[in-house]
């Protein structure tokens, strides 16, 4: 058996998978990548054929690689988040995705202005709130439990959460990683609900009626 | 304006220019108050998201069952209740985040954050008024 060498594998430590409570080691190879919690337990793996795209952004622990999925991995909710990279990893990771997965690691800069106005846009697996054409945040559809029209021009979005805070709602074997429908439960403060003001619908209707009159 | 009435103008503001300006504590996926930059950083799906104090209307804490809740209301059009809605907006035809609600087991901490947001808001309003008086 040939031992893997530096040219066939790239390895990164202190990486968090899907907002996991503990960090682990992330290894990339030509046939896909894996993440193993440092405290021991099951390893998460993803086949290269399921990688549909990748984005590089600033996140909570450090820099994040968000892998956009394709193919028969619908149970994962459309994306896989790997947080905890350092700025200097970008070049190495860019080569990994380009050479092994024929994908560009797209550098996605987020809006940092601190504004609460922009444009909600529906992507393939996420709702993005864009401020001056940069996302301020994204909401994976898999994390939304309910939406309703809460008032005139007001839309409420509710998030999936474990019934009590002690229930991590996660597969403990994956180092507390938070897969589909569990992400809002990570962290000290858990997002429960978000309300948007969406103008125009009523106003347009009124304007049209005004024209008719 | 032409009638001599004072027209409130929208003034631009900005929390951060670069992503290395976040306070280090955003790692914890918790709400972080950044006094220096008049900003509240909120954890949304694993990402620290800054909201400048000038976007915030108020914050309130409540308790329900085992959890404490913090609701942050933001300024958005169409909220003028019982009086003229004279809040200026840069783009009133945009979509707005109107409120965000978080829950936690640590009610004392959420109350503390609600108080800090209230104080930060008061300070920001005071600074604006002082600036205006200087200009007049």
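Protein chains in written order, with this note's numbering: chain C, 31 to 243; chain P, 4 to 139. Idealized CB from N, CA, C, for every residue including glycine.
In this structure the region 118-132 of chain P lies against the region 23-43 of chain P, because at least three pairs of beta carbons, one per stretch, are closer than 8 Å.
Sequence-ordered contacts of the region 157-172 of chain C with chain P read 159, 166, 167, 168, 169 and 170 [C-beta pairs closer than 8 Å].
Around the beta carbon of residue 149 of chain C, fewer than 16 other beta carbons sit within 10 angstroms, so the residue counts as exposed. For residue 50 of chain C, the closest of C:220, C:187 and C:207 by C-alpha to C-alpha distance is C:207. For residue 64 of chain P, DSSP records a beta bridge to P:73. Contact annotation for residue 49 of chain P against chain C: 46, 48, 49, 89, 90, 91, 94, 111, 113, 208, 213, 216 and 217 [CB-CB distance below 9 Å, chain order]. Bridge pairing for residue 56 of chain P: absent [DSSP].
Cβ-Cβ distances below 6 Å link residue 163 of chain C to nothing in the same chain once the five nearest sequence neighbours on each side are left out.
Chain-ordered listing is empty here: chain P has no CB closer than 7 Å to the CB of residue 54 of chain C, the nearest sitting near 16 Å.
With a threshold of 9 Å between beta carbons, residue 128 of chain P makes no contact with chain C. Residue-level contact check: residue 40 of chain C does not touch chain P, since none of the beta carbons of chain P fall below 9 Å from its beta carbon. The C-beta distance from residue 142 of chain C to residue 19 of chain P rounds to 4 Å, short enough to fall under 8 Å.
According to the DSSP secondary-structure assignment, residue 169 of chain C is paired through a beta bridge with C:157. Residue environment for residue 161 of chain C: buried (at least 16 other C-beta atoms within 10 angstroms of its C-beta). Of the other Cβ atoms in all chains shown, 16 or more fall within 10 Å of the Cβ of residue 111 of chain C; this residue is therefore buried.
CA-to-CA, the gap between residue 157 of chain C and residue 168 of chain C works out to about 6 Å. By the C-beta density criterion, residue 113 of chain P is buried, having at least 16 other C-beta atoms within 10 angstroms. Around the beta-carbon of residue 176 of chain C, fewer than 16 other beta-carbon atoms lie within 10 Å, marking it exposed.
For a Cβ distance threshold of 7 Å, residue set 104 of chain P lies close to residue 223 of chain C, ordered along the chain. Taking C-beta atoms as the reference points, residue 106 of chain P and residue 73 of chain P count as a pair closer than 9 Å.
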